[in-house]
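Q: Residue numbers (this note's numbering): 257 to 460. We treat Cβ as the ideally placed atom computed from N, Cα and C, and that holds for glycine.
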């Protein structure tokens, strides 16, 4: 009986040691193991016209579709200046190109007159380092228009810059750059119809 009791005790000790070793190994493996998640935020650039335009802005039909906007103007004025705001959001570097088509008018100016942040979620670097193509930049002209014909039948780069939005969503009111676009045109016949397409894409 004594031998049997010693055998049982020995078995319990051996099993206890084995269990302790297994638990220790599992704990060590858990400490050394890590979970690695690989992923990337997709590059996003959007452009739109504000839902509510300021009272002094031209009325137009605008179709927003994410990174593209199509704007149609109609006017009965033979010498018209069209002015309206654009909102650009991005989580990466961006560029905006434009194409302008007209049925009869001569477009004498296409200008970007101002660039302003809409809120605290706009990167300061975006405001400081936005690059407007020289031919479209009116910020240093004092609002003056120059008599030169503008050809926009082929896509032209209008502006580019670094990441704009520090957070928020595609509809957040405080994470966009507001860029005011001015178009000056003249025509011998009316009415005049203009169609402007703007495309915003990641800058690579």
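Out of curiosity, what's the CA-to-CA distance linking residue 357 and residue 411?
A: 11 Å
Q: Find the nearest neighbour of residue 455 within the set 346, 444, 331, 336, judged by alpha-carbon distance.
A: 346
Q: According to DSSP, which residues form a beta bridge with residue 329?
A: Looking at the DSSP assignment, residue 329 forms a beta bridge with 450.
Q: Expressed to the nearest angstrom, what Euclidean distance is found between the alpha-carbon atoms of residue 371 and residue 428?
A: Going by the C-alpha atoms only, they are around 18 Å apart.
Q: Exposed or buried, what is residue 343 when buried is set at 16 or more other beta-carbons lying within 10 Å of its beta-carbon?
A: buried
Q: Of all the beta strand (DSSP E) runs that stay within the bounds of the stretch 330-377, which reach a length of 3 or more residues?
A: 335-346, 350-358, 362-373
Q: Leaving out the 5 sequence neighbours to the left and right, which residues in its chain are closer than 8 Å to residue 305 when beta-carbon positions are compared?
A: Closer than 8 Å at Cβ, skipping near neighbours: 316, 318, 320, 325, 327, 340, 341, 342, 343.
Q: Consult DSSP for residue 444 and reduce its assignment to one of helix, strand or coil.
A: coil
Q: How long is the line joining the alpha carbons of residue 374 and residue 445, rounded to whole angstroms?
A: Between residue 374 and residue 445, the alpha-carbon positions lie close to 39 Å from each other.
Q: Of the residues 392, 335, 416, 425, which one's Cα is nearest the Cα of residue 384?
A: 416
Q: By a C-beta neighbour count over all protein chains shown, 10 Å radius and 16 as the cutoff for buried, is residue 335 buried or exposed?
A: With a threshold of 16 other beta carbon atoms within 10 Å, residue 335 falls short and is exposed.
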